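Asker:
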Amino acid sequence: MSHNYPALIVVVPLLSALVISVAGWVNKRLCFPIAFAALAVAAYSSVGLLFRVLDEGVIVYKLGGWDPPMGIAYYVDHLNGLVLTVVSVVALLNLIASKKSIEEEFPEKTGPFYTLYILMVTGLLGIVVTGDAFNLYVLLEIAALTGYGLLAMGEERAPLASLNYLYMGTIGACFYLLGVGYLYIVTGSLNMVDIAGILPSLYQSKAVLAAFIICMVGVWLKMAFFPLHAWLPNAYTYAPSAASSLIAPLVTKVMIYVMIRLILTVFTPEFSFNVLAVSDAIVWLAVIAVVMGAILALAERNNLKKMLTYIIVAEVGYMVGGAWLGNRTGMTGAILHIVNDALMTLCVFLVVGNIVYKVKGAGFDDLKGLFRKMPFTMGAFVVGAISMIGVPPTCGFFSKWYLISGAIQAGHYGFMVALLFSSLVNVVLFFRVFEICYYEPFSDHHGHGHDHHPEPMDEAPLSMLVPLYVVGAILVLVGLYTGDIVDQIIQFAIPKGLV
Amino acid sequence: MSDLISIIVANYNYWIYITLMMIGLYAMIAKNNLVKKIVGMNIFQTAIILFYVSIGVKKGATIPILQHGHGHGAHTVVHAVDYVNPLPHVLMLTAIVVGVATLGVALALAIRVYDRYNTLEEDELLAQIREK
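In order, the protein sequences belong to chains A and B. Note that my numbering has the first sequence beginning at 46, numbered continuously upward. Note that my numbering has the second sequence beginning at 15, numbered continuously upward.
1) On the CB-based measure, 16 or more other CB atoms within 10 Å of its CB, does residue 317 of chain A come out buried or exposed?
2) What residues from the stretch 464 to 476 of chain A come within 7 Å of chain B, judged by C-beta to C-beta, listed N to C?
3) Leaving aside the five residues before and after residue 438 of chain A along the sequence, list all residues of the same chain whose C-beta is less than 8 Å from its C-beta, in chain order.
4) Using a threshold of 8 Å, state whether the C-beta atoms of residue 222 of chain A and residue 120 of chain B are closer than that.
5) Would residue 235 of chain A and residue 287 of chain A be called neighbours here (beta carbons separated by less than 8 Å)?
6) Ends of the alpha helix (DSSP H) at residue 118 of chain A?
7) Below 8 Å on C-beta distance, what does residue 144 of chain B contact in chain A?
8) Taking only three categories from DSSP, how would you classify residue 492 of chain A?
9) My parser needs the alpha helix (DSSP H) runs of 4 or more residues fully inside the stretch 40 to 83 of chain B; what are they?
10) Consider the Cβ of residue 495 of chain A: report whether some Cβ of chain B lies at a distance smaller than 8 Å.
11) By DSSP, does residue 145 of chain A sit in helix, in strand, or in coil?
12) With the cut-off set at 8 Å, would you say residue 60 of chain A and residue 169 of chain A are in Cβ contact?
13) Taking the alpha-carbon positions, what's the residue 435 of chain A to residue 311 of chain A distance?
14) Mind the definition here: the stretch 197 to 210 of chain A touches the stretch 329 to 340 of chain A only if three or more C-beta pairs lie below 8 Å; say whether that holds.
15) Measuring only between beta-carbons, confirm whether residue 97 of chain B sits less than 8 Å from chain A.
16) When the Cα of residue 351 of chain A is compared with those of A:277, A:218, A:325, which residue comes out closest?
17) Tell me where the alpha helix (DSSP H) around residue 445 of chain A begins and ends.
18) Comparing alpha-carbon positions, which option in A:471, A:417, A:379 lies nearest residue 444 of chain A?
19) Name, please, each residue of chain A whose Cβ falls closer than 8 Å to the Cβ of residue 40 of chain B.
20) Which same chain residues end up closer than 7 Å to residue 492 of chain A when comparing Cβ atoms and leaving out the 5 residues on each side of it in sequence?
21) Note down, one range per segment and in chain order, each alpha helix (DSSP H) of at least 4 residues found wholly within the stretch 118 to 205 of chain A.
22) From residue 41 of chain B to residue 325 of chain A, what does the alpha carbon distance come to, in whole angstroms?
23) Give the straight-line distance between the Cα atoms of residue 335 of chain A and residue 432 of chain A, rounded to the nearest whole angstrom.
24) According to a CB-to-CB cut-off of less than 9 Å, which residues of the stretch 192 to 205 of chain A neighbour chain B?
25) Whose CA, out of B:58, B:141, B:19, lies closest to the CA of residue 33 of chain B?
26) From the beta carbon of residue 215 of chain A, is the nearest beta carbon of chain B less than 8 Å away?
27) Taking buried to mean at least 16 other C-beta atoms within 10 Å of its own C-beta, is residue 476 of chain A buried or exposed?
28) Taking only beta-carbon positions, decide if residue 230 of chain A is within less than 8 Å of chain B.
29) I need the straight-line Cα distance from residue 142 of chain A to residue 210 of chain A, nearest angstrom please.
30) Run through the DSSP bridge pairs and tell me what residue 105 of chain A is partnered with.
31) In angstroms with no decimal places, state the Cα-to-Cα distance between residue 543 of chain A and residue 531 of chain A.
32) Which residues, in order along the stretch 158 to 188 of chain A, keep a beta-carbon less than 7 Å from a beta-carbon of chain B?
33) Using a Cβ cut-off of 8 Å, pull out every chain A residue sitting near residue 139 of chain B, in sequence order please.
34) Apart from the five residues just before and just after residue 85 of chain A, which ones in its own chain have a Cβ nearer than 8 Å to its Cβ?
35) Step through the CB atoms of chain A and report whether any lies within less than 8 Å of the CB of residue 49 of chain B.
In structure tokens form, the structure reads like this:
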């Protein structure tokens, strides 16, 4: 059983998605338990895999028994063991938390929704687990196509925003495919480890350079790296809350993982940082991304969800910059931030989900008096917010610490300043929200805004609060155990050559 | 000049795919109608499919099917040079499926947009959104 974990992670959710789509016709109430079971198996397998990797080192799983350069192999090392665990746990927690809101938002469409949800998670887990460059493209498109469907299920502008995302996402995936094509021309292989073995003699080749640039641009489009971010805010803002709290934490983070995988495994750090003299320029791009993300978030004064999407744009800048600093500390920070940012984003988006569930909107006007109305939800929001700001006991502080020390080590003070600037802006952003929620009285939709009678408590149901608090607890626990995570896992995820 | 022409002629498959790709990209950027953008997107994807197909081709090679692959001839030596590379072609079967699925999703979304706004022209859509 345990040696089949890499296949189970992808196969179980894939087959369950088919079963759910059939079960949805028979009885809608069957969908949730099947989806839950599928993701529970995936999460269990990922955690099991992570522990096996910690014991035994890299696991190679040959699909169908075909040997690697010919067959497709799944490679699980410390890097994707960690990311797999994060993806499956986040997807599982969000599934539990959003059950109520899914039932309320689409009473007729729960079956299709859960099918797309599980297929999307399949795609994301597959991207992370696969060791084959072309296989990655196919799974990328599975995750993307289901994502467009999920995002378009929202109201009003959702289909249009989703269509714009589709244009950009397709270009991104096509660029990645084109880059893989160039790699295939020069190496004759699609297996990542195999390509990495063949490339060193070809480092001066123009085709490898073209492959590298095209792959990177494609991946940046998919992760909404600043100048290419235009699709993200609208697509995430108008999406149904259950979909946005799945997609916002995971998609950009998985794409960061793909970028790090390309840097570390396919092109090797030697090529990425030494042969190409582009890392400095990319870190400056990341500086611009962080600063612009922060400014755009600051400029958003109407909608909490939209403000959070701009924070995601800034966080993408953190991770791209950290990965391209070209030293061990920066890379550690980037990988740690994948974990932390996925959890923090999940936390704040679940809070938004709860607010939308109760108040029917996430505009700043809807937030008035929420600390009195939904004290538990807002308590979790405070934890998520201080983690995003980077206050010590929570995990956000530690990854930022690594990123900043990486920036100092690389002598890249612009990036350091951008990180500090963005943290300060986050303070302003979140305290502005706290102020509205705490001090301004709850707006009375029936007219009289003057009566100051204490608003009765109207908290989200327990099934939404418990997962939220689990996420909040994980934020603090990951923060407290950062040292262990770095020493036991991330340290081994980075090749020895990178100092 | 003649050097340039010989470079272009020798690698004509790359020039064709890049031209097609740019036509597609131009349509996606410059066209006002959402369906025209979708068509541009499809041209863009097809250009990459053509690129992959063209890199598998070899001069004087035949289709990669072994005659007498079973039975008596099974142990004869196979020269890879005599056959076109089937792998990029097989990969493109998957990419074509992906392209069709993307096209389907895109058109479905376009229908939803049309239902809501009664137009597919981008400037009219933006004007309607701004009014709200």
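Note that the Cβ used here is the ideal one computed from N, Cα and C, for glycine as well. All values reported here derive from a predicted model rather than from experimental measurement.
Answerer: By the coordinates alone:
1) buried
2) none
3) 521, 524, 525
4) Cβ distance not < 8 Å, so residue 222 of chain A and residue 120 of chain B don't count as in contact.
5) no
6) First-last for residue 118 of chain A: 118 to 121, but that is the beta strand (DSSP E), not the alpha helix (DSSP H).
7) Here the premise fails: no neighbours, minimum Cβ distance about 12 Å.
8) With a pLDDT of 47 at residue 492 of chain A, under the threshold of 50, the modelled position of that residue is not reliable, and the figure given next carries that caveat. In this structure, residue 492 of chain A counts as coil in the three-state DSSP scheme.
9) Fully enclosed alpha helix (DSSP H) runs of 4 or longer: 48 to 69.
10) With a pLDDT of only 49 at residue 495 of chain A, under 50, the local geometry of the prediction cannot be trusted, and no value is derived from it.
11) helix
12) no
13) 32 Å
14) no
15) no
16) A:277
17) 440 to 454
18) A:379
19) Those do not exist, as residue 40 of chain B stays about 12 Å from chain A at its closest Cβ, beyond 8 Å.
20) Any reading at residue 492 of chain A must be qualified, since the residue scores a pLDDT of 47, below 50, and its modelled position is unreliable; no value is offered.
21) Residue ranges of uninterrupted alpha helix (DSSP H) with 4 or more members, entirely inside the stretch 118 to 205 of chain A and ordered along the chain, are 123 to 142, 144 to 150, 155 to 174, 178 to 196.
22) 34 Å
23) 17 Å
24) 193, 194, 197, 201, 202, 203, 204, 205
25) Per the Cα distances, B:58.
26) yes
27) When all chains shown are included, residue 476 of chain A counts as exposed.
28) yes
29) 26 Å
30) A:120
31) 15 Å
32) 179, 183, 186
33) 205
34) Excluding the 5 residues flanking it on each side, residue 85 of chain A has same chain C-beta neighbours closer than 8 Å at 137, in chain order.
35) no
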